[in-house]
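A.B. asks: The numbers in our numbering rise by one with no breaks, and the one at position 6 of the sequence shown is 511.
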Amino acid sequence: MDTIEGYKVRYEPKKKILYCRMDDSMIERLREIRKRTGISTSELLRESIRRLLQEIDQNGSINLKIN
């Protein structure tokens with residue numbers, strides 16, 4: 506696992522809020538990860554989106570599998 510040095514200050518005021526829908530199993534898995542790591546669910550989601558956007562910038566496309 507790679508570690509990337511963060512660019513944020515400890516407290517950053519929220520400028521915008523975006524809501525998303527998830528099924529119960531997704532929410533439960535995020536909560537399990539939060540319990541094991543201590544990382545908030547919102548930070549987990551932000552980091553996931555950052556990585557997805559970085560991949561899009563590098564490859565110029567997106568590849569998502571939807572089951």
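Glycine included, every Cβ here is placed at the ideal spot set by N, Cα and C. Since we're looking at a predicted model, the values are computed, not measured.
Starting from residue 569 and walking both ways along the alpha helix (DSSP H), at which residues does that stretch end?
C.D. replies: Element bounds for residue 569: n/a, residue is neither H nor E.
A.B. asks: Short check: CB of residue 546 to CB of residue 558, under 7 Å?
C.D. replies: Against a cut-off of 7 Å, the Cβ pair of residue 558 and residue 546 comes out as no contact.
A.B. asks: Out of curiosity, what's the CA-to-CA distance linking residue 533 and residue 564?
C.D. replies: Distance between the alpha carbons of residue 533 and residue 564 is about 31 Å.
A.B. asks: Are the beta-carbon atoms belonging to residue 561 and residue 567 less than 7 Å from one another?
C.D. replies: Closer than 7 Å, so yes.
A.B. asks: Measure the C-alpha to C-alpha separation of residue 530 and residue 518 and round it to an integer number of angstroms.
C.D. replies: So the two alpha carbons sit approximately 30 Å from each other.
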